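Novice:
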Amino acid sequence: MRRTASSARQGGRTFAAAIAAERRKKEALKTSALQDAIFNSAYFSSIATDEKGVIQIFNVGAERMLGYAASDVVNRITPADISDPQELIARAAALSEELDTQIAPGFEALVFKASRGIEDIYELTYVRKDSSRFSAIVSVTALRDAKEKVIGYLLIGTDNTARKQIEAAEALLDQQLRDQRTRFESALQEKNIELVRANRMKSEFLATMSHELRTPLNSIIGFSEALKDGLIGTMSESQIEYVGDIFASGEHLLALINDILDLSKVEAGMMTLELEAVDIASLLSNSLSIVREKAAAQQIRLELDLGDGLAEAELDVRKTKQIVYNLLANAVKFSALGGQVTLSARCVSRGDVGKFAEKWPVHVFPLAPGECQEFIEIGVSDSGIGIAQDDMPRLFQAFSQIDSSLARKFEGTGLGLAMVKQLSELHGGAVALTSTPREGSCFTVWL
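Start counting the sequence shown at 595; every next residue gets the next number (this note's numbering).
1. Using beta-carbon positions only, say whether isoleucine 884 and glycine 844 come within less than 8 Å of one another.
2. Where glutamate 906 and valine 872 are concerned, what is the direct C-alpha to C-alpha distance, given to the nearest angstrom?
3. If you draw a straight line from the C-alpha of alanine 740 to the C-alpha of leucine 767, how long is it?
4. Tell me where the beta strand (DSSP E) around glycine 746 begins and ends.
5. Can you grab the Cα-Cα spacing for the pair methionine 1013 / glutamine 770, in whole Å?
6. When burial is assigned at 16 or more other CB atoms within 10 Å of the CB, is valine 860 buried or exposed?
7. Just reading off the alpha helix (DSSP H) that leucine 909 is part of, what are its end residues?
8. The beta strand (DSSP E) that contains glutamine 934, what's its start and end?
9. Which residues in the same chain have their Cβ closer than 6 Å to the Cβ of serine 938, if we skip the five residues on either side of it in sequence?
10. Under 8 Å between the Cβ atoms of glycine 1022 and cysteine 966?
11. Just checking, does the segment 914-929 make contact with the segment 975-986 on the three C-beta pairs under 8 Å criterion?
12. Identify, in the order they occur along the chain, each residue of the same chain with its Cβ nearer than 6 Å to the Cβ of glutamine 983, setting aside the five sequence neighbours on each side.
13. Is DSSP giving threonine 625 helix, strand or coil here?
14. Could you please give the first and the last residue of the uninterrupted beta strand (DSSP E) stretch that includes valine 974?
15. By the three-class DSSP mapping on this structure, what secondary structure does serine 818 have?
16. Between the segment 821-831 and the segment 794-807, can you find at least three pairs of beta-carbon atoms closer than 8 Å?
17. Since I believe glutamine 916 is in contact with phenylalanine 847 (beta carbons under 8 Å), could you give me their beta-carbon distance rounded to a whole number of angstroms?
18. Compute the distance between the beta-carbons of leucine 1041 and isoleucine 970, then report whether it is under 8 Å.
19. Are the segment 774-793 and the segment 673-684 touching, with three or more C-beta to C-beta distances below 8 Å?
20. Does serine 709 come out as helix, strand or coil in the three-state DSSP assignment?
21. Give the DSSP bridge partners of glycine 1034, in chain order.
22. Can you tell me whether isoleucine 981 is buried or exposed? The criterion is at least 16 other CB atoms within 10 Å of its CB, across all chains shown.
23. Please name the residue or residues paired with tyrosine 720 in a DSSP beta bridge.
24. Classify arginine 1042 as helix, strand or coil using the three-state DSSP reduction.
25. Identify, in the order they occur along the chain, each residue of the same chain with its Cβ nearer than 7 Å to the Cβ of arginine 940, setting aside the five sequence neighbours on each side.
26. Is it true that the CB of phenylalanine 841 sits closer than 8 Å to the CB of serine 818?
27. So the beta strand (DSSP E) aspartate 644 belongs to, where does it begin and stop?
28. According to DSSP, which residues form a beta bridge with leucine 782?
29. So for histidine 957, helix, strand or coil by DSSP?
30. Can you tell me which of Asp856, Glu779 and Ala923 puts its alpha carbon nearest to the alpha carbon of serine 797?
31. Less than 8 Å between C-beta atoms, sequence neighbours within five positions excluded: which residues of the same chain meet that for arginine 1002?
32. Is the beta carbon of isoleucine 697 less than 8 Å from the beta carbon of glutamate 717?
33. Reducing DSSP to helix, strand and coil, say where glutamate 702 ends up.
34. Is there a C-beta anywhere in chain D that falls below 8 Å from the one on glutamate 717?
35. Any idea which residues DSSP pairs isoleucine 649 with across the strands?
36. Do you know offhand how far serine 1035's Cα is from threonine 776's?
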């Protein structure tokens, strides 16, 4: 029999269709095998139920995690029967409040959101066959037919025990660190209280002792001065020289005691301000006259630079003079032969406190909060040895000497600048320093 071209074409199409069908069958089998492999993974539990919640599928992972065989649960119980009952009650109450509808504390609480088409992933405590418990992260999906009718639910869970253990360990460590920090802060606070108390007692002791020492010392200075000036009788040149040494040492010791007394009073909170209207220009001019003799001995030029609008200010006269004198005395002491010291003053606003135009490094102590908006800025600049930036903060510490060789060369106690800082802050002001080695320094206070 002869085959027509039409029948040949028909046969070709039939053969091609058979090949395509075979390919689809293989792909379907492959997909089914892949789905079975995923569904039966031992690493997560897959529990499928009917629309009423009765378990229909219980995979290998669920068996491993929960200790039940599939035959123990399929067509027998719902996932609610292997869940923590207290959690179900709490979840039902929370969902009822969240969704404003009454939800029963059972299987409904596990799948209510999924049944409404809402993605639902939550933490759940499963109860194993041996009654032990473990935490799981559960994802719930509603299974629907072609008409979108719910025909069951799929609950896929992963064991959350390891993560919970890590969280518990982290929480324990965090609590231990918090407890340790609390103990440390408490101990530090107690130590600070002790240090404050000890410092106050030290300052009170120094104030008392300094006062007691000044009385006999004044007698020594007075009598040695009388002897030195020949008021009590004639003495040999060597005797006059020795008495002069006694007088000079007494004066130096008295200055040291006075500095200690003032500093200890400030630290002990025993020093108060006696404010009065002060003519700034007159006060600064008088301060320059006090150091003029020492400056002349070193051929140091003294200059006074007063800004415009400088008038009276409410200050403690004695303490302000002490601030200015200490700065001037330091400037003269550390300036080279033939140098220059400039005393300046101007009015500035709070916003300008601590601001400098100098190219030298700056160290500024912060201004304490306050209502005062206008300040008197007093500066003392010199052409002396200068100060390295790293050494600047130490200058304002009591008894601090940057270089012991300088302390021997330039006699001093290391209290002058500490007093400047304390007295400036007592006025509600601040202090700062700009300097560079071998070029000079400028000390500034705001009152």
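Cβ atoms here follow ideal geometry from the backbone N, Cα and C, with glycine treated the same way.
In this text, all values refer to a predicted model and were calculated from it rather than measured experimentally.
Specialist: Short version:
1. no
2. 5 Å
3. The C-alpha of leucine 767 is placed about 53 Å away from the C-alpha of alanine 740.
4. 744-753
5. Cα to Cα, methionine 1013 sits roughly 45 Å from glutamine 770.
6. buried
7. First-last for leucine 909: 906-910, but that is the beta strand (DSSP E), not the alpha helix (DSSP H).
8. 934-943
9. Asp899 and Gly973
10. yes
11. yes
12. Pro955
13. The predicted model places threonine 625 with a pLDDT of 49, which falls under 50 and marks its position as unreliable, so this point remains unresolved.
14. 968-976
15. helix
16. no
17. Before going further, note that residue 847 is leucine rather than phenylalanine in the sequence given. Going by Cβ atoms, the distance from leucine 847 to glutamine 916 rounds to 18 Å, so no, they are not a contact pair.
18. yes
19. Taking 8 Å as the limit for Cβ pairs, the verdict is that the segment 673-684 does not touch the segment 774-793.
20. helix
21. Thr1030
22. buried
23. DSSP links tyrosine 720 through a beta bridge to Ser677 and Phe728.
24. This structure does not reach residue 1042, given that the chain is present from 595 up to 1041, and the question cannot be answered.
25. Closer than 7 Å at Cβ, skipping near neighbours: Gly901, Leu904 and Glu971.
26. yes
27. 639-644
28. Partner(s): none; leucine 782 has no beta bridge.
29. strand
30. Asp856
31. Low confidence applies to arginine 1002: its pLDDT is 47, below 50, so where it sits in the model is not reliable enough to give any reading.
32. no
33. helix
34. Structure shown: chain D not included; a single protein chain is present.
35. Thr643
36. 45 Å
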